[in-house]
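S.K.: Below: one structure in structure tokens.
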Amino acid sequence: MTAAEEAWLAFHVPRPEAPFRLFCLSHAGGGASLFHPWSAELAPLAEVCPVQLPGRESRIREPAVPSIRPLVARLADALTVYLDRRYAIFGHSMGALIGFELTRELRRRGLPMPAHLFVASYCAPHLQRREDRAGTVRHEATKRLTGALAVPAEMKGELLELLVPTLEADTRLCEEYEYVEEEALSCPVSAFRGNTDYVPDEDLAGWRALTRGAFQTQTFLGDHFFLRETPRGAIQAVRRALAKSA
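Counting in UniProt numbering, the sequence shown runs from 1 upward without gaps.
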């Protein structure tokens with residue numbers, strides 16, 4: 001595989017014995033490091049492949065992509081080489097939207113479908129209003145900026161200069177997204193949220209209409225960022241779901 005393809009994955013530990021690959025997509029402004037601890041937790045069942053989008057962490061100096069269609073097209077190009085094994089997709093908040101549209105893009109290309117799609121803390125795309133999408137991504141942007149402001153003063157200016165354009169691009173991506181109706185997915189879908197998440201359970205349950213496969217919702221201890229603060233429950237749920245499909 002090429003260096004360009006490898007750039008899309010970070011903290012990736014190859015596990016040739018694993019029956020699944022799990023591609024993981026973070027929230028707005030977030031990066032692949034969110035899923036770094038998952039690799040050891042899900043071995044040997046899954047080879048965890050944290051996706052690093054342009055404009056963050058190891059790709060911080062690349063411009064973020066402010067529109068979902070070209071983003072998922074580039075992502076599909078990069079990940080095709082990794083689809084020689086059964087796989088699943090996990091997306092948190094904005095990452096859930098990207099994971100959903102990536103799945104549909106792979107289907108349009110006639111490529112293998114995921115064994116499971118996991119979506120966390122994001123309203124079903126066909127239900128979400130533009131102002132709700134804007135609110136979600138602004139909440140995440142505020143969280144990221146608060147973290148950036150906590151660094152030493154001598155680093156703060158440069159960090160904000162790098163971070164703000166990515167947050168603006170992520171905001172634009174979510175605000176300008178328009179759901180286009182297509183055939184429902186065939187794979188199982190699991191939808192997760194934190195028990196104090198601002199994404200309500202009924203919005204999460206709306207994902208049911210987007211698949212013909214099995215569907216479930218699960219709630220875990222924590223807020224919108226429960227995957228960062230208390231990830232163990234979600235990791236165990238992913239393990240159980242993949243083990244059923246193995």
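In this text, a Cβ means the ideal position worked out from N, Cα and C, and glycines have one as well.
What span of residues does the alpha helix (DSSP H) with residue 103 cover, start to end?
M.R.: For this step, residue 103 is matched to residue 103 along the sequence shown. Judged by DSSP secondary structure, residue 103 falls within the alpha helix (DSSP H) whose first and last residues are 94-108.
S.K.: Report the partner residues of residue 86 according to the DSSP bridge assignment.
M.R.: If you number the sequence shown from 1, residue 86 lands on position 86. BP columns for residue 86 point to 20.
S.K.: Short check: CB of residue 194 to CB of residue 215, under 8 Å?
M.R.: On the sequence shown, position 194 is the one that residue 194 refers to. On the sequence shown, position 215 is the one that residue 215 refers to. Against a cut-off of 8 Å, the Cβ pair of residue 215 and residue 194 comes out as no contact.
S.K.: Go ahead and pull the three-state DSSP assignment for residue 39.
M.R.: Residue numbering aside, residue 39 sits at position 39 when the sequence shown is read from its first letter. Helix.
S.K.: Would you check if there are 3 or more beta carbon pairs closer than 8 Å linking the stretch 10-28 to the stretch 64-74?
M.R.: Because the criterion of three Cβ pairs below 8 Å is not met, the stretch 10-28 and the stretch 64-74 do not touch.
S.K.: Can the beta-carbon of residue 204 be found less than 8 Å from the beta-carbon of residue 191?
M.R.: Working through the sequence shown from its first residue, we reach residue 204 at position 204. Working through the sequence shown from its first residue, we reach residue 191 at position 191. Cβ distance < 8 Å, so residue 204 and residue 191 count as in contact.
S.K.: Between residue 44 and the rest of its own chain, which residues show a CB-CB distance below 7 Å, the 5 nearest in sequence each way excluded?
M.R.: Counting from one through the sequence shown, the residue named residue 44 turns up at place 44. Correct list, in chain order: 15, 17, 18.
S.K.: Using CA coordinates, which residue listed in 107, 112, 91, 111 is at the minimum distance from residue 124?
M.R.: What you label residue 124 is simply residue 124 of the sequence shown in a count that begins at 1. Taking each of 107, 112, 91, 111 in turn and checking the Cα distance to residue 124, the smallest one comes out for 91.
S.K.: Short check: CB of residue 232 to CB of residue 42, under 8 Å?
M.R.: Along the sequence shown, read from residue 1 onward, the residue named residue 232 stands at position 232. Along the sequence shown, read from residue 1 onward, the residue named residue 42 stands at position 42. For the 8 Å CB-CB criterion, residue 232 and residue 42 do not form a contact.
S.K.: For residue 161, which residues from the same chain have a beta carbon less than 7 Å from its beta carbon, with the 5 sequence-adjacent residues on both sides left out?
M.R.: On the sequence shown, position 161 is the one that residue 161 refers to. Answer for residue 161: no residue qualifies.
S.K.: Do residue 29 and residue 165 have their C-beta atoms within less than 8 Å of each other?
M.R.: On the sequence shown, residue 29 is found 29 positions in, with the first residue counted as 1. On the sequence shown, residue 165 is found 165 positions in, with the first residue counted as 1. Not a contact, by the Cβ cut-off of 8 Å.
S.K.: Should residue 33 and residue 95 be called a contact, given that it needs their Cβ atoms to be closer than 8 Å?
M.R.: The residue labelled residue 33 in the question sits at position 33 within the sequence shown. The residue labelled residue 95 in the question sits at position 95 within the sequence shown. The answer is no: Cβ separation not under 8 Å.
S.K.: State yes or no: is the beta carbon of residue 218 nearer than 8 Å to at least one beta carbon in chain D?
M.R.: Within the model displayed, chain D is absent; a lone protein chain is all it includes.
S.K.: Quick check on residue 246: buried or exposed, where buried means 16 or more other Cβ atoms within 10 Å of its Cβ?
M.R.: The residue you call residue 246 lines up with position 246 of the sequence shown. By the 10 Å Cβ count, residue 246 comes out exposed.
S.K.: Give a yes or no on whether the C-beta atoms belonging to residue 10 and residue 57 are separated by under 8 Å.
M.R.: Here the question's residue 10 lines up with position 10 in the sequence shown. Here the question's residue 57 lines up with position 57 in the sequence shown. Residue 10 places its beta carbon less than 8 Å from that of residue 57.
S.K.: Near residue 84, which residues of its chain fall below 7 Å by C-beta distance, leaving aside the five closest residues on each side in sequence?
M.R.: Against the sequence shown, residue 84 aligns to sequence position 84. Taken in chain order, the list of residues that qualify is empty.
S.K.: Using a 10 Å radius around the Cβ and a threshold of 16 neighbouring Cβ atoms, would you call residue 63 buried or exposed?
M.R.: Sequence index remark: in the sequence shown, residue 63 carries index 63 (1-based). It is exposed - the Cβ of residue 63 has fewer than 16 other Cβ atoms within 10 Å.
S.K.: Using the beta-carbon count (16 or more within 10 Å), is residue 152 buried or exposed?
M.R.: Numbered from its first residue, the sequence shown carries residue 152 at position 152. Here residue 152 scores only 48 on pLDDT, less than 50, and its place in the model should not be relied on; the value that follows carries that caveat. Label assigned to residue 152: exposed.
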